[in-house]
Structures are given as C-alpha cells and as structure tokens.
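Heads up: the sequence shown begins at 576 in my numbering, then just goes up one per residue.
Structure first, commentary second.
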Amino acid sequence: MALLVTTLGNAGEVLAGLAIVGGLTIAIISVVSNAMIRSSREKRLSVVQREIAAYVAEGTMTVDDGERLMRASNEPKKDE
C-alpha cells in the first residue's frame with residue numbers, strides 16, 4: 576500500500592512538471608510566432624512604401640495620391 580501511495584505521489588509530481596513545461600513551450604511558441612508575424616508585416620509595409628515612392632518619383636502618381644496611399648497603408652486593418 577505504501578508503494579502505491581509513493582508511486583501515485585511521484586506521478587502527480589511528474590504530471591505537474593509536464594504541465595509547467597507544456598505551458599512554457601506554448602508561451603515560447605506564441606512569442607516567437609507573433610514576432611515573425613510582426614516582422615513580416617513590417618517588411619511588406621516597407622516594400623509598399625518603396626513602391627509608392629518609386630511611382631511618385633517617376634511621375635506616374637501625384638504626391639498627394641502617394642501621401643494618401645502611405646497613410647492608408649499605415650492604418651491597422653479591422654480584422655488583424
């Protein structure tokens with residue numbers, strides 16, 4: 576009987592340890608994935624801004640249109 580109680584006690588400790596490790600793993604994955612998503616968004620925004628600047632520089636687009644597009648590209652979307 577004492578052996579059964581000791582084994583169950585150890586199983587509880589192992590389960591608690593697994594819960595902690597699992598929680599930390601999920602937290603780390605969440606932080607890394609959010610950083611990757613944010614980096615990707617910033618890179619896309621930079622590309623869009625460069626393209627708008629190129630259109631304005633070559634005269635295909637007016638400065639006012641370019642400025643309006645720049646402001647619109649910086650606004651956060653409702654679904655994100």
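Heads up, the beta-carbon is just placed ideally off N, CA and C, and yes, glycines get one too.
Helix, strand or coil at glutamate 617 according to DSSP, with G and I counted as helix: helix
In three-state DSSP terms, what is methionine 645? helix
Three-state secondary structure (DSSP) at glycine 634? coil
When you compare each of Val623, Ala632, Val596 and Ala629 to arginine 646 by their alpha carbons, which one comes out closest? Minimum Cα distance to arginine 646 is reached at Val623.
Secondary structure of glutamate 650, DSSP reduced to three states: coil
Would you call serine 648 buried or exposed, if buried means 16 or more other Cβ atoms sit within 10 Å of its Cβ? Flag for serine 648 reads exposed.
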